[in-house]
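Note that the sequence shown covers residues 36 to 455 in our numbering. Cβ atoms here follow ideal geometry from the backbone N, Cα and C, with glycine treated the same way. Below is one structure, written out as structure tokens; the observations come after it.
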Amino acid sequence: MSEKLNLTNSQKIYTEALDFCPGAIMGIRKPSNFVPGEYPIFFKSGKGMRIWDVDGNEYLDFLASYGPIIIGHQEEEIDNAVIEKIRTDSFCFNLAQPHQNELLRLLQKHIPCAEMGVLVKTGSDATSTAIRIARVHTGRDMILRCGYHGWHDWCIAVKNGIPANCYKDVDGFHYNDIDSLKKKLEEYKGKVAAVITTPIGHELNEPIQEPQSDFLNKVKELAHQHGAVLIFDEIRTGFRMSMGGAQKYYKVTPDMAVFGKAMANGYAISAVTGKREVMMSLEDKHAFISSTFFSNSLEMVAAIATIKFLEREKALDAVWKKGETIKQRSMAAIEKTGVNAFFSGIVPMPFFTFPKDSDDPTDKRYRDRRVLFFTELVRNGVFMQPFHHGYIGYRHTDADIERACSVIEEAFAVVAKAIP
Ligand SMILES: Cc1ncc(COP(=O)(O)O)c(C=O)c1O
Numbered sequence: 036m037s038e039k040l041n042l043t044n045s046q047k048i049y050t051e052a053l054d055f056c057p058g059a060i061m062g063i064r065k066p067s068n069f070v071p072g073e074y075p076i077f078f079k080s081g082k083g084m085r086i087w088d089v090d091g092n093e094y095l096d097f098l099a100s101y102g103p104i105i106i107g108h109q110e111e112e113i114d115n116a117v118i119e120k121i122r123t124d125s126f127c128f129n130l131a132q133p134h135q136n137e138l139l140r141l142l143q144k145h146i147p148c149a150e151m152g153v154l155v156k157t158g159s160d161a162t163s164t165a166i167r168i169a170r171v172h173t174g175r176d177m178i179l180r181c182g183y184h185g186w187h188d189w190c191i192a193v194k195n196g197i198p199a200n201c202y203k204d205v206d207g208f209h210y211n212d213i214d215s216l217k218k219k220l221e222e223y224k225g226k227v228a229a230v231i232t233t234p235i236g237h238e239l240n241e242p243i244q245e246p247q248s249d250f251l252n253k254v255k256e257l258a259h260q261h262g263a264v265l266i267f268d269e270i271r272t273g274f275r276m277s278m279g280g281a282q283k284y285y286k287v288t289p290d291m292a293v294f295g296k297a298m299a300n301g302y303a304i305s306a307v308t309g310k311r312e313v314m315m316s317l318e319d320k321h322a323f324i325s326s327t328f329f330s331n332s333l334e335m336v337a338a339i340a341t342i343k344f345l346e347r348e349k350a351l352d353a354v355w356k357k358g359e360t361i362k363q364r365s366m367a368a369i370e371k372t373g374v375n376a377f378f379s380g381i382v383p384m385p386f387f388t389f390p391k392d393s394d395d396p397t398d399k400r401y402r403d404r405r406v407l408f409f410t411e412l413v414r415n416g417v418f419m420q421p422f423h424h425g426y427i428g429y430r431h432t433d434a435d436i437e438r439a440c441s442v443i444e445e446a447f448a449v450v451a452k453a454i455p
């Protein structure tokens, strides 16, 4: 096995944090979502697709801050545009700023459904806004959902602290299971305002699924048959899978779609886009969407600079190419070593899953393999998440990809030897 990392400072800051932050860290960045004791807990800096923890350990970043980093950390062109905005104009005003028009025009240019749009800040803001628009547009309440759509009351799976009334008009269906949607649409006939789905299936700790048997077109057809608005949640796929998101890649245009994460290379902004007829209900039917920070323009400036960079450099083509190398080399390593694991994911979002060997609940070999594999990766400077797909960034160099492939190959060899 490789040598364990020195994580002294991470552990020290974590212990301190336990005193003044409940659980020290919120949500998916908690140590329990990695390999506790093996992964760092606090980061200090990043440059390109390299990141450094508070103990000075260096990693190749294959989690990309859970998606926003599409180019790289400290990308000068983006950061300089933001710094210039701060220095010349400032960015937080009583009234809106014209950057919103420039950004919405760019979204309109790339995203097939984006006849109109509104800009908010987080992915959860965007999905909740889209749901409100769909409800006011149709005059109905019921929502059928598939995938993770953020932490808000209507959609989060963990129900503690949420009154049942907040999600009584929300039900789920399963990705790539068109019958599960058909059944729910029949059950709630005439009541469904929106069908919202991620365009690829990416549930936590589940292999990624691409649409099978024309799934997305069938979802669209069924939603429309039942008078519901179809929303694609493109928070992860937007500006990563293609400039126009998964809808452009799969050639299925929804009524609305939400974008966030990669659209501004790390700055907090998201967008609700959609067909004019649907989007105009926000205005015509007097729904209310507002936040003190929605009109702040720094993040708009960052998004404009990011999208222009991605356009000019054809950066997503490069991302696919780098991801394809990881995919091919990983799949070959799995085949060669015979480890019970498999690669899933669309190429820019790779994921390794370690399935169970048997139904025997005491048989934990799959878990031991996962722990050992990700321990080997992190000890050798490849930062991926054991329960979540990874992300490829534009600033991963060919040498970074080569190094990551070697580390992945070696990790599978170690696992094959230790837990055959
Ligand atoms: C598909 C999808 N939708 C919505 C969200 C919520 O975004 P945010 O965490 O920015 O609120 C996420 C976050 O991971 C996501 O992956």
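In terms of Cβ geometry, Phe274 and Thr341 form a close pair [threshold 9 Å]. Counting other Cβ atoms within 10 Å of its Cβ, Pro133 stays below 16 and is therefore classed as exposed. Counting C-beta pairs with one atom in each stretch, the region 249–264 and the region 208–220 have three or more that are closer than 8 Å, which means they touch. Counting only the Cα atoms, Ala337 lies some 16 Å from Glu348. Burial is judged here by how many other beta carbons sit within 10 angstroms of a residue's own beta carbon; Arg405 has at least 16 and is buried.
Under the DSSP assignment, Ala451 falls outside any beta strand (DSSP E), being part of the alpha helix (DSSP H) whose first and last residues are Asp433 to Ala453.
Check the Cα spacing between Gly380 and each of Gly373, Ile339, Ser365 and Tyr401: the tightest is with Ser365.
Collapsing the DSSP output to three states places Cys181 in a strand.
DSSP places Thr164 inside the alpha helix (DSSP H), whose first and last residues are Gly158 to Thr173. Here Asp88 is buried. Its C-beta has 16 or more other C-beta atoms within 10 Å. Taking 9 Å as the cut-off, the beta carbon of Ala306 is found closer than this to the beta carbon of Leu138. The alpha-carbon of Lys255 is positioned some 49 Å away from that of Gly91. Relative to ligand 1, the beta carbon of Ser305 is positioned inside 8 Å of a heavy atom. Counted as a single uninterrupted DSSP element, the alpha helix (DSSP H) harbouring Asp114 occupies residues Glu111 to Thr123. Inclusion of His237 in the 8 Å shell around ligand 1 follows from its C-beta lying nearer than that to a non-hydrogen atom of the ligand. Around the Cβ of Thr123, a 10 Å sphere holds fewer than 16 other Cβ atoms; the residue is exposed. Within the chosen limit of 8 Å, ligand 1 does not reach the beta carbon of Ile427 with any heavy atom. Taking Gly236 as the centre and dropping the five residues before and after it, the same chain places the C-beta of Tyr210 and Gln244 closer than 6 Å to its C-beta, in chain order.
DSSP places His145 in the helix class (H, G or I) of the three-state scheme.
Distance from Asn300 to Glu110 at the Cβ level is roughly 6 Å; contact confirmed, criterion being Cβ atoms closer than 8 Å.
Under the three-pair Cβ rule at 8 Å, the region 270–289 counts as touching the region 223–238.
Assigned with DSSP and collapsed to three states, Thr360 falls in helix. In this structure, the CA atom of Ala192 is about 33 Å from the CA atom of Ala446. The beta strand (DSSP E) runs of length 3 or more contained entirely in the region 272–308 are, from start to end of the chain, 291–294.
The Cβ atoms of Asp290 and Gly262 lie no closer than 9 Å to each other. The distance from the Cβ of Ala376 to that of Thr388 is about 7 Å, consistent with a contact at the 8 Å cut-off.
With respect to the 9 Å criterion, Val354 and Tyr429 are classified as neighbours on the basis of their beta carbons.
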